[in-house]
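For this note's numbering, add 718 to where a residue sits in the sequence shown, where the first one is 1.
Even glycine gets a Cβ: it sits at the ideal position worked out from N, Cα and C.
Quick caveat: nothing in here was measured; it's all calculated off a predicted structure.
Here the structure comes first, spelled out in structure tokens, and everything after it is commentary.
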Amino acid sequence: MLIVGRQVRNEKNGRSDLTAVDNNGNIVLIEIKRDRKDIEHRKEAFEFQAIRYAASYATIDKTDDLVKKVYAPYIENYRSEFELGELTSFELGIRKLNEFLQVNDAQKNFNEKQRIILVASDFDEQTLPAAAWLNSNNVDMSCYRLTPYKLNEDLFFYVEKLLPVTNYDDYYVNLMDKSIVTTVIGDKKITRRSLPKIDIMLEWGVVKEGDIIVAKGSGVEDFKSFLMTSNC
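In structure tokens, the structure reads:
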């Protein structure tokens, strides 16, 4: 992807975190939240905030328009990161965007659709089901969990792709969903989602026939006994 904007405001004063163009010519909205609390305390749902921003890009059908409204201001705000020479921000933006599209053979497909990428260190129980449902109805929305680690002075990120997946059933939350288990320990409530069944895990390739699975906190023999009696 080519990043073309940061903190871009639309006409209604909505502001998207990052704007990019992917190798298929689609405009990509990248929304980043710190953690679950950051998502839950927002007045507007994380996923629908991103949808509003993506909708504001749907009318852009020419590269000149994207550069004028988004990419040129981005280059101007971060001049030290670009080699402008005698070019204006607009001229450099047009050149870099057209070169990117040409290399990826995507000139004719420019902004035929918009993509959304949601990034957070953790997601709440409402965002993932909503994103899964949107995905299954042809809205291109991806969710990534980003976990930072600091080693000496270096910062590393562990990236997990949560959505899209092959099967969305485990993400949907019903009115009374028994797959959501709440355990009370002292004065704290811990909510977790039960794992997919063994046949689904085999289909995904997460486990393979012959693997030994050990339940955390339980002995191997205890878990083998559980498998034998649970019709997995």
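Kindly indicate which residue of the options has the alpha-carbon position closest to the one of residue i.
| i | options | result |
| --- | --- | --- |
| Ser839 | Lys926, Ile757, Asp872 | Ile757 |
| Ile769 | Ser807, Ser860, Gly811 | Ser860 |
| Thr781 | Ile745, Phe875, Tyr867, Leu920 | Ile745 |
| Leu819 | Ile930, Glu921, Asp783, Met719 | Met719 |
| Ile812 | Tyr796, Asp783, Glu804 | Asp783 |
| Arg863 | Lys751, Ser774, Val739, Gln725 | Lys751 |
| Phe875 | Leu881, Val883, Pro882, Thr865 | Thr865 |
| Gln767 | Gly803, Leu747, Leu880 | Leu747 |
| Val883 | Asn853, Ile778, Glu871, Leu805 | Asn853 |
| Ala773 | Asn829, Ser807, Leu815 | Asn829 |
Provide the residue(s) that pair with residue i in DSSP beta bridges, ordered along the chain.
| i | result |
| --- | --- |
| Thr865 | Tyr876 |
| Ile748 | Leu736, Ile835 |
| Met919 | Note: Met919 sits in no beta bridge, so no partner. |
| Arg727 | Arg733 |
| Met859 | Ile834 |
| Leu720 | Val739 |
| Leu881 | Cys861 |
What do you get for residue i, buried or exposed, if any count of 16 or more other CB atoms within 10 angstroms of its CB means buried?
| i | result |
| --- | --- |
| Ile903 | The pLDDT assigned to Ile903 is 46, lower than 50, so where the model puts this residue is not dependable, and the model offers no usable value. |
| Leu869 | exposed |
| Val925 | exposed |
| Tyr775 | buried |
| Gly743 | buried |
Between which residues of its own chain and residue i is the CB-CB distance below 7 Å, once the five residues before and five after are set aside?
| i | result |
| --- | --- |
| Asp858 | Lys831, Arg833, Ile834 |
| Tyr792 | Val722, Gly723, Arg724 |
| Phe717 | In this structure the chain extends from 719 to 950, so residue 717 is not present and cannot be described. |
Ordered along the chain, which non-local residues of its own chain (more than five positions away) have a Cβ less than 8 Å from that of residue i?
| i | result |
| --- | --- |
| Ala763 | Gln844, Thr845, Ala848 |
| Leu920 | Lys926, Glu927 |
Give me, in chain order, the residues of the same chain whose beta-carbon lies closer than 6 Å to that of residue i; leave out the 5 immediate sequence neighbours on both sides.
| i | result |
| --- | --- |
| Asp842 | Arg754, Ile757, Glu758 |
| Thr737 | Val722, Gly723, Val726, Val788 |
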